[in-house]
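Number of protein chains: 2
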Amino acid sequence: MTLYEQLVDDLENLIRTGVLRPGDRMPSVRNLTRSRSVSPGTVLKAYGILEDRGLIEARPRSGYYVARPASATLLEPQVDAPYDRSAPVRVNELVFDLLTSAMDREVVPLGSAFPSPDLYPFKRLFSALAAAARQFEPWHTMVGLAPGNYELRRLIARRYLEVGCAIGAEEIVITSGAMEALNICLQAVTRPGDVVAVESPTFSPVLQAIEVAGLRVLGIPTDPVQGLDLQALEQALVRHPVKACLFMPNFQNPLGSLMPDEAKQALVELLTRHQVPLIEDDVYAELYFDEDRPKPAKAFDTEGIVMHCSSFTKSLAPGFRVGWVAPGRHAEEIRRRKLINSLSASIPAQLAIIEYLERGGYERHLRRLRQALKTQRNRMLRAIDRYFPAQCRVTRPAGGYFLWIELPIEVDALTVHREAMAQGISVSPGPMFSAQGGFRHYLRLNFGQPWTDEVDAAMQTLGAIIARLALDADSATR
Amino acid sequence: MTLYEQLVDDLENLIRTGVLRPGDRMPSVRNLTRSRSVSPGTVLKAYGILEDRGLIEARPRSGYYVARPASATLLEPQVDAPYDRSAPVRVNELVFDLLTSAMDREVVPLGSAFPSPDLYPFKRLFSALAAAARQFEPWHTMVGLAPGNYELRRLIARRYLEVGCAIGAEEIVITSGAMEALNICLQAVTRPGDVVAVESPTFSPVLQAIEVAGLRVLGIPTDPVQGLDLQALEQALVRHPVKACLFMPNFQNPLGSLMPDEAKQALVELLTRHQVPLIEDDVYAELYFDEDRPKPAKAFDTEGIVMHCSSFTKSLAPGFRVGWVAPGRHAEEIRRRKLINSLSASIPAQLAIIEYLERGGYERHLRRLRQALKTQRNRMLRAIDRYFPAQCRVTRPAGGYFLWIELPIEVDALTVHREAMAQGISVSPGPMFSAQGGFRHYLRLNFGQPWTDEVDAAMQTLGAIIARLALDADSATR
Numbered sequence: 000m001t002l003y004e005q006l007v008d009d010l011e012n013l014i015r016t017g018v019l020r021p022g023d024r025m026p027s028v029r030n031l032t033r034s035r036s037v038s039p040g041t042v043l044k045a046y047g048i049l050e051d052r053g054l055i056e057a058r059p060r061s062g063y064y065v066a067r068p069a070s071a072t073l074l075e076p077q078v079d080a081p082y083d084r085s086a087p088v089r090v091n092e093l094v095f096d097l098l099t100s101a102m103d104r105e106v107v108p109l110g111s112a113f114p115s116p117d118l119y120p121f122k123r124l125f126s127a128l129a130a131a132a133r134q135f136e137p138w139h140t141m142v143g144l145a146p147g148n149y150e151l152r153r154l155i156a157r158r159y160l161e162v163g164c165a166i167g168a169e170e171i172v173i174t175s176g177a178m179e180a181l182n183i184c185l186q187a188v189t190r191p192g193d194v195v196a197v198e199s200p201t202f203s204p205v206l207q208a209i210e211v212a213g214l215r216v217l218g219i220p221t222d223p224v225q226g227l228d229l230q231a232l233e234q235a236l237v238r239h240p241v242k243a244c245l246f247m248p249n250f251q252n253p254l255g256s257l258m259p260d261e262a263k264q265a266l267v268e269l270l271t272r273h274q275v276p277l278i279e280d281d282v283y284a285e286l287y288f289d290e291d292r293p294k295p296a297k298a299f300d301t302e303g304i305v306m307h308c309s310s311f312t313k314s315l316a317p318g319f320r321v322g323w324v325a326p327g328r329h330a331e332e333i334r335r336r337k338l339i340n341s342l343s344a345s346i347p348a349q350l351a352i353i354e355y356l357e358r359g360g361y362e363r364h365l366r367r368l369r370q371a372l373k374t375q376r377n378r379m380l381r382a383i384d385r386y387f388p389a390q391c392r393v394t395r396p397a398g399g400y401f402l403w404i405e406l407p408i409e410v411d412a413l414t415v416h417r418e419a420m421a422q423g424i425s426v427s428p429g430p431m432f433s434a435q436g437g438f439r440h441y442l443r444l445n446f447g448q449p450w451t452d453e454v455d456a457a458m459q460t461l462g463a464i465i466a467r468l469a470l471d472a473d474s475a476t477r
Numbered sequence: 000m001t002l003y004e005q006l007v008d009d010l011e012n013l014i015r016t017g018v019l020r021p022g023d024r025m026p027s028v029r030n031l032t033r034s035r036s037v038s039p040g041t042v043l044k045a046y047g048i049l050e051d052r053g054l055i056e057a058r059p060r061s062g063y064y065v066a067r068p069a070s071a072t073l074l075e076p077q078v079d080a081p082y083d084r085s086a087p088v089r090v091n092e093l094v095f096d097l098l099t100s101a102m103d104r105e106v107v108p109l110g111s112a113f114p115s116p117d118l119y120p121f122k123r124l125f126s127a128l129a130a131a132a133r134q135f136e137p138w139h140t141m142v143g144l145a146p147g148n149y150e151l152r153r154l155i156a157r158r159y160l161e162v163g164c165a166i167g168a169e170e171i172v173i174t175s176g177a178m179e180a181l182n183i184c185l186q187a188v189t190r191p192g193d194v195v196a197v198e199s200p201t202f203s204p205v206l207q208a209i210e211v212a213g214l215r216v217l218g219i220p221t222d223p224v225q226g227l228d229l230q231a232l233e234q235a236l237v238r239h240p241v242k243a244c245l246f247m248p249n250f251q252n253p254l255g256s257l258m259p260d261e262a263k264q265a266l267v268e269l270l271t272r273h274q275v276p277l278i279e280d281d282v283y284a285e286l287y288f289d290e291d292r293p294k295p296a297k298a299f300d301t302e303g304i305v306m307h308c309s310s311f312t313k314s315l316a317p318g319f320r321v322g323w324v325a326p327g328r329h330a331e332e333i334r335r336r337k338l339i340n341s342l343s344a345s346i347p348a349q350l351a352i353i354e355y356l357e358r359g360g361y362e363r364h365l366r367r368l369r370q371a372l373k374t375q376r377n378r379m380l381r382a383i384d385r386y387f388p389a390q391c392r393v394t395r396p397a398g399g400y401f402l403w404i405e406l407p408i409e410v411d412a413l414t415v416h417r418e419a420m421a422q423g424i425s426v427s428p429g430p431m432f433s434a435q436g437g438f439r440h441y442l443r444l445n446f447g448q449p450w451t452d453e454v455d456a457a458m459q460t461l462g463a464i465i466a467r468l469a470l471d472a473d474s475a476t477r
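If you read the sequences in order, they're chains A and B. Straight run, no breaks: the first sequence in numbering that gives the first Met the number 0 ends on number 477. Straight run, no breaks: the second sequence in numbering that gives the first Met the number 0 ends on number 477.
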C-alpha cells in the first residue's frame, strides 16, 4: 500500500467505527502532515479520495468535515403497488419529449437516459478506426454481414469467459446496439397478443417495443435493492400465459437493483421449469462499483433458454451502435431476424471496436469510468441529502448511473417534470416506467454527468420545487 | 465532341441503321487510322466504348465484329401467373443459404444480392472519416440520435431537390440502412393481420419482413419492363382490404423494371384516392444507365402518402448502414419507431458520409459506378446470348444490377440452383421472390461483379446446366 492509500484506509476506519462522527471537523492538512510524516500532497490526495467516496466534504474556507452518510438519512424507496393484470401498452409521449431534450445542450440532463459522452475514449476509438481503415479491404463489408464480424464475436466470447460464461463465438450475433437485440429477441419468441413479463418499474423503450410488437405486458414487482420478486414471478407464471420474460438482473433501469447470484440462479431454474425464455438485458453490468463484475443470469443457464443482450454503448462507444446477443437455443432464428431487420451492424464501427479491443486499454478505461460514476453517485446522493425534503427516499445503487427517488406521496412527478423543464432541468418522472401510468410520486435521476456547479445548482432547484409542491399539497389538504 | 466521341457516334449510327450488320467484321484499326486521320489510340478507345455498349465484340486474333444485339434474340420474359389472394408468408430457407454463400469468397456470386464491394470508394470514405474524427466532439453522439444528424439530413434533402422533390431536412429520418426504414414504415401503417400489396415477384427480405410483422401479402402482377400493372392494383384495392403498398418503381428487384413517370403519377393518384400509404423502396435509383436519374413516385405525392426509403448502401458506402426515409405525413410516427427500434444510425458512419459529400466527388464516383454496371450488364447479356439455350428470355434493365431470366418452362430453377452451387456458382431461383413458391422457371442473376474469366466460365457452366436440364426434361416426356 502506498502512503496515501494507508492514510485513506485509516481515516475511513475512524469514520466507519464512529471515532469521527458526521459533522466532525477532520484533522487539518498541516496537522496530518506532521503527525504522519507525509507531504501535504499525500494528505490532499487522501482527502480527495474520501470526498469522492462521500465520506467527507470540503467547506469553503473552513476545511474538511465528516459527511452525513447518505444511507443513514435516505431510506430505500418502497415497492410501488404492482399491476398484476397483463395490459396492452400505451406509448408515452413523455419519453420522446425527454429524448428530444437530451439533444438540447442548454438543458441539465438529469432525466437523460445516457451518461455524459465526455466519459468515453473517443480519441482512442477513432485512432483505432483509422488504423483499421488502413488495413481495410472492400471484402470486409461482406464479412461484417449478420451474424457479424467473426473476430469481434471472438473477442466478445473471450470477455464472457471472464464472468464464468462459456459461450462460443458462433452463438453470438452482432446487432445495431442492444435495443435492436431486445427487439429481435421479442419477435423471435412471441406472436402478437402474447404476454411478456417485465420488471415493474422498467424502462420505457422496452414498454414501447412490446407495444409496437402488439404484445401485452405483465409487470412483476421489483425491489429497489434485491431486484425481481421471484415469488410474484412464480405466481404470475401460473396465472398468466407468459410467453417470454424481459429482465435486467444487473443494475436494473430505473431502480439500479442488483439480483444476488442465488436469485439469478433461482430465476433461471424457475423459467427453465416453465420453459419460458428469458431475454436478459445486461447493458449496465460493466458499470459496477464494487469488487467484481456481477454475473449475468446467462451464467446459470444450462438449457439455452437465456438470450443475453448487451452492447458497447454504455461501456465503451456511445453512438457506434454495436451490440450483440448470445441467444442460446434461439441462435438460428435470431441470425435470421437480424438479417431481415437491418442486415448488419455498421462496418466502420465494428472495425473500430475490434482494433480498440486488440490494442488493449479497455480495462483501464472501464476502471476510470466506474470510478467517475461512483464519485458522481456519491455527489448526487449528498446533494439530495442536502437539498431535498427529508421525506424523500433514494436508492444507493452499486452500479449504473441512475438513482430512483420516492417523493412525498402528495407530490406528482409529472408536475415536478414540468416545473423543472421550465427551469432548464430534465427529470424522468415515474409514470414513464409503467405501462399503466403508475409510480406517480417517483423520479429517476441520471448521475452520468460529471459533477459541476451547474448540476449542483440544478439539484438545489429541483429540491426547492419538490419542497414547494409538498408544502402546497399539505396546505391544500388542511 | 472529341475525335473519339465523334468516331463512336458515327460507328454506332452505321450499326443502328444496319449499314454494319450483326456478324460483320468492323474496319481494322489501321484502316480507320488512315481513313479518319486519327491515332490508333483513338480508334481503340472508340472500339472499347462500343464494346462496353454491347454493340461490337472482339474475337481473339481476328479483330472486331458487330455483336448480335441482345434484344433481338433475347425476348423479354412474360408475366408469370400472379397470385391474387392474400396469403400468410413462409420464410424461405433458401434466402439464408444464399446470404451465407455471399460471404464465401470461393463462390461465384451470381445469386448475390450485393454488387462487388470493389466498385465503391472506400479509400476516400475512410479518409473522410479520419477528417471527421479530427473534428469530433463527444456531443456529436447526442446530435446523431434519431432522427439523425441534421447536416446529413440537409445534404440528403438537397439531393432530393435535384430530382424534383421538395423535401425538408426536417422530414427526413436517418435509419440503419433502407431495410430498417422499410421495417419501421411497415410497422407504422399496419397492424398484425393486415394485407400489404407488393410487386410479384419481389425480393425476399421484403416478404420476410412482412411475415415477421404478422402481415398478409398480396402480389400484384408486374411487367419486366414497365413495372407494376396498375389495372391489377386498382382491382386489388377494390377487392381486398389493402392497408399499405410496398413497391419499387425504379429498377425493381428482381425484375429491373422501370415505371414510366406517367405510371408513377397514376399510381400515386390511385393510392391517394384510396388513402393507402405507399412505402417506396428506391435504393437502386442512382444506378441508372440512361440520361437522367428516374424520378421517385414521391415526386408526384401531394398529400404526403408516400414514405420514400433509400440508402447509401448501393450507391456509395456498402456496410456503413446509413439509410433514410422521407415519411410524408407519417414523419412523427417514424421518428418514434426509429428510436424504439435501434436509437440511431452509427455515428462514425454518419460523419464519414457527411464529410465525403461535402468534399465532393460523389457524382464522379456515381458516373464510374453506372458505367461499370452498364458494361457488366452488356457482358452478361452477351454471355447469356452465347451460352444459354435459345429458349431463355432475359430482361435488359436500364439500371440496377440484376437480370431476370425466364428458363425453358420444363427447367426447375431450384434444380439449377442446386447443381450450380455444387460447381461453386450461386444463382437466385425464382421461388425466392414469391410468397407462394411461384416463378419456378425463373432466375435472378447479379451482374454487379466486374467481368472476369471466372465469371465468364461460370456463365458457360450455368448455360450448360440449363441446357442439360432442358434436354433431360425433353427426353423424359417423350
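Just so you know, even glycine gets a beta-carbon here, dropped at the ideal spot from N, CA and C. None of these values were measured; they are calculated from a predicted model.
Exposure of residue i, with buried meaning 16 or more beta-carbon neighbours within 10 Å
i	result
residue 170 of chain A	buried
residue 275 of chain A	buried
residue 138 of chain B	exposed
residue 377 of chain A	buried
residue 424 of chain A	buried
residue 467 of chain B	exposed
residue 316 of chain B	buried
residue 48 of chain B	buried
C-alpha distance - residue i paired with residue j, whole-angstrom precision
i	j	result
residue 115 of chain B	residue 157 of chain B	28 Å
residue 113 of chain B	residue 249 of chain B	17 Å
residue 245 of chain B	residue 261 of chain B	19 Å
residue 229 of chain B	residue 217 of chain A	46 Å
residue 451 of chain B	residue 31 of chain B	29 Å
residue 96 of chain B	residue 102 of chain B	10 Å
residue 225 of chain A	residue 277 of chain A	18 Å
residue 70 of chain B	residue 43 of chain B	Residue placement at residue 70 of chain B is flagged as unreliable, the pLDDT there being 45, under the threshold of 50; the coordinate-derived value follows with that caveat. Their backbone Cα atoms lie some 25 Å apart in a straight line.
residue 312 of chain A	residue 2 of chain A	37 Å
residue 254 of chain A	residue 446 of chain A	13 Å
residue 241 of chain A	residue 333 of chain A	20 Å
residue 222 of chain B	residue 128 of chain B	42 Å
residue 351 of chain B	residue 263 of chain A	43 Å
residue 329 of chain B	residue 441 of chain B	37 Å
residue 133 of chain B	residue 54 of chain B	49 Å
residue 151 of chain B	residue 145 of chain B	12 Å
residue 45 of chain B	residue 175 of chain B	43 Å
(message) Under 8 Å: do the stretch 334-342 of chain A and the stretch 291-305 of chain A share three or more Cβ pairs, one atom per stretch?
(response) no
(message) For the structure I just gave you, are there three or more beta carbon pairs, one from the stretch 343-353 of chain B and one from the stretch 414-424 of chain B, closer than 8 Å?
(response) no
(message) Ignoring anything shorter than 4 residues, give me the alpha helix (DSSP H) runs that lie fully in the stretch 392-461 of chain A, in order along the chain.
(response) For the stretch 392-461 of chain A, whole alpha helix (DSSP H) runs of length 4 or above, ordered along the chain, are 412-421.
(request) Answer yes if the stretch 379-388 of chain B comes into contact with the stretch 458-469 of chain B, meaning at least three C-beta pairs across the two stretches below 8 Å, and no otherwise. (result) yes
(message) Quick test of the definition: if touching needs 3 or more C-beta pairs under 8 Å, does the stretch 353-370 of chain B touch the stretch 172-190 of chain B?
(response) Touching, no, given that fewer than three Cβ pairs across the two stretches are closer than 8 Å.
(request) Return the residues of the stretch 174-185 of chain A that lie within a Cβ-Cβ distance of less than 7 Å from chain B, sorted by chain order. (result) 175, 176, 178, 179 and 182
(request) Could you tell me whether the stretch 426-434 of chain A touches the stretch 193-207 of chain A, where touching means 3 or more Cβ pairs closer than 8 Å? (result) Touching, per the Cβ criterion.
(message) So within the stretch 32-68 of chain A, which uninterrupted beta strand (DSSP E) runs reach at least 3 residues, ignoring any that extend past its ends?
(response) 55-58 and 62-65
(message) Short of 7 Å Cβ to Cβ, which residues in the stretch 119-142 of chain B face chain A?
(response) Going along the stretch 119-142 of chain B in chain order, one finds 119, 121, 125, 128, 129, 132, 135, 137, 138, 140, 141 and 142 with a Cβ nearer than 7 Å to chain A.
(message) To be precise: take each residue of the stretch 212-230 of chain B, compare its Cβ to all Cβ atoms of chain A, and keep it if any distance is under 8 Å. Which residues remain?
(response) 213
(request) May I ask you to list, following chain order, the residues of the stretch 150-171 of chain A that have a beta carbon less than 9 Å from some beta carbon of chain B? (result) none
(message) Closer than 8 Å is the cut-off here; do at least three beta carbon pairs connect the stretch 114-130 of chain B with the stretch 134-151 of chain A?
(response) As far as the Cβ criterion goes, the stretch 114-130 of chain B touches the stretch 134-151 of chain A, which means the pair count is three or higher.
(request) Taking 8 Å as the threshold, find out whether the stretch 314-332 of chain A comes into contact with the stretch 264-271 of chain A through three or more Cβ pairs. (result) no
(request) Please name the residues in the stretch 326-350 of chain B whose beta-carbon is closer than 8 Å to at least one beta-carbon of chain A, in chain order. (result) 334, 335, 336, 338, 339, 340, 341, 342, 343, 344, 345, 346, 347 and 348
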